[in-house]
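Per this note's numbering, the very first residue in the sequence shown carries number 1214; after that it's consecutive.
A quick write-up on the structure given underneath.
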Amino acid sequence: MTIEVKVPQLPESVADATIITWHKKVGETIVRDENIVDLETDKVVLEVPAPQNGVLKEIMRGEGDTVVSGDVLAKFDIVEKGAVAPTVSAPANDVVAENTAAESVLADDSNLSPVVRRLIAEHHLDAAQITGTGKGGRLTKKDVEIFLAQVAQKPALSAEVPSVPPSSSPAMTLDADQRPHKRVPMSRLRARVAERLLQAQHNAAILTTFNEVDLSAVMDLRAKYKDRFEKRHGARLGFMSFFTKAVIEALKRFPAVNASIDGQDVIYHGFYDIGVAVSTERGLVVPVLRDADSMSMAEIEKSVVDYATRARDGKLSIDEMQGGTFTITNGGVFGSLLSTPIINPPQTGILGMHKIEPRAVVVAGEVVVRPMMYVAFSYDHRLIDGKESVQFLVNVKQLLEDPACLLLDV
């Protein structure tokens, strides 16, 4: 029986998708629910699974094609389990063993993230040759990159080392001045991020105010309780939970910063959905901590780590990235000392964290060395006045420099 494999119903906010990777070829046997093809939208990567056990009969749309909901991607021959006969005669027990092994390998491949599958496909690698360090031995992007680096370092003259086929990505070409360059299409996500950034700059009056925070108290708390925290909650005590809690308390005192602009109306939100900017290979994504004011510090830390991991593997859902009343971005993890973040419309504010550096500061008339961080607050001046923006950021600073205020609500 032949059926059509179609583009699944795309979310309401997504008009179309682009085919980025076919993981199966015509004639290959596929296990039910195994990923056949990856579709990239301007927000997430969608996987299209096999509807049943069977064989891929025909591919209707190629990589790079733009498709919409209901478009036919491929034709698929359904085969009842155990009905796929081998190409040569063999004892029944051998056939069962071979089919079981094949299904096991296929099941393992289906557990690979889209990013890992893409790297393996581009470099024509055998996943079985790569040692996985992820949970349960799962392959990660770093595992593949380490394997590629090791292969590249091996002597080229060794006859025992199989050569790695060249990447399928565009090769360098020479321009009119005989200088090398290559042209690569922008990912859908990166194009969408670019569009939204331009929209924010064109439609909002963005200003940025700066301050610096002495993180001595926060770092002392982390040093004192990090082991007990991790043992009790199974999560590391990082800086994001402190900043999230401080931001929420400041938002309660300055409701306009937690508001959004809709045409000629201002919407004041009575909830606190905090977006956390995450950098991925495909571009920037902002998963949202829903009702973050009701989350414990452990829940915040676990959620941030989970979002970051799944964002880099392309596993976030659209619902997890929609909405948000305020955003926090941390350029400090990449070594940024100071920056001016751009707000995420229709939000009216974003807080930028930066690198912690020991600096000389004056405390009680004496020069001392403290762990200092510059913080930046970009805001929409159409709604938030300069005085309010400065007071909001000073509030965040004070809460972080004296974390007891978060407990005492003072």
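Ideal Cβ positions, reconstructed from N, Cα and C, are used throughout, including at glycine.
These numbers were taken from a predicted model, which means no experiment stands behind them.
A direct Cα-Cα distance of roughly 32 angstroms separates E1533 from M1585. DSSP, reduced to helix, strand and coil, places P1554 outside both helices and strands of the structure shown, so it counts as coil.
Contact check for L1269 against K1237 passes: the beta carbons are separated by less than 8 angstroms. Note on geometry: alpha-carbon atoms of T1353 and V1329 lie some 6 angstroms from one another. With 16 or more neighbouring CB atoms inside 10 Å of its own CB, K1458 falls in the buried class. By the Cβ criterion, the region 1551-1563 is in contact with the region 1408-1425, since at least three pairs of Cβ atoms, one from each stretch, lie closer than 8 angstroms. The beta carbon of G1451 sits closer than 7 angstroms to those of E1514, all from its chain and outside the five residues before and after it, given in chain order.
Distance from the CA atom of E1253 to the CA atom of V1357, rounded to whole angstroms, is 21 angstroms. About 7 angstroms separates the CB atoms of G1537 and I1487; that is less than 8 angstroms, so the two are in contact. The alpha-carbon separation between V1280 and T1231 amounts to approximately 6 angstroms.
Partner residues in the beta bridge of H1394, as assigned by DSSP, are T1386. The residue among A1524, T1422, D1519 with its C-alpha nearest the C-alpha of S1492 is A1524. In the three-state DSSP reduction, Q1414 falls in the helix class (H, G or I).
Assignment of beta-bridge partners to A1589 by DSSP yields F1423, G1565. Between E1241 and P1262, the CB-CB gap reaches or exceeds 8 angstroms. In the displayed model, N1608 falls within a helix according to three-state DSSP.
At a Cβ-Cβ threshold of 8 angstroms, G1562 and Y1592 count as neighbours.
Pairing V1607 with G1496 gives a Cβ-Cβ distance that is not under 8 angstroms. The C-beta of R1441 has fewer than 16 other C-beta atoms within 10 Å across all chains shown, which makes the residue exposed. Burial check for P1393: the Cβ neighbour count within 10 Å stays below 16, so the residue is exposed. Annotated as distal: E1614 and V1460, with beta-carbon spacing of 8 angstroms or more. Rounded to the nearest whole angstrom, the CA to CA distance from F1455 to D1388 is 51 angstroms.
The beta carbons of V1218 and S1282 sit no closer together than 8 angstroms. For T1522, the secondary structure class from DSSP, reduced to helix, strand or coil, is helix. With a cutoff of 8 angstroms on beta-carbon distance, L1529 and V1227 are scored as not near each other.
Between the C-alpha atoms of K1444 and F1423 there is a straight-line separation of about 36 angstroms. Taking I1272 as the centre and dropping the five residues before and after it, the same chain places the C-beta of W1235, V1239, A1287 closer than 7 angstroms to its C-beta, in chain order.
With respect to the 8 angstroms criterion, V1431 and P1616 are classified as neighbours on the basis of their beta carbons. One alpha carbon belongs to G1565, the other to V1609, and they sit about 12 angstroms apart.
Between V1580 and C1618, the alpha-carbon positions lie close to 26 angstroms from each other. By the C-beta density criterion, M1508 is buried, having at least 16 other C-beta atoms within 10 angstroms.
Taking 8 angstroms as the upper bound for CB-CB distance, I1597 and V1470 are in contact here, some 6 angstroms apart. For the set L1325, I1233, T1215, N1266, the Cα lying nearest the Cα of M1399 is the one of I1233.
Check the Cα spacing between E1494 and each of R1403, Q1222, T1540, I1216: the tightest is with R1403. Separation of D1622 and G1599 (C-alpha to C-alpha, rounded to the nearest whole angstrom) is 25 angstroms. In the three-state reduction of the DSSP assignment, P1559 falls in the coil class, being assigned neither a helical nor a strand state.
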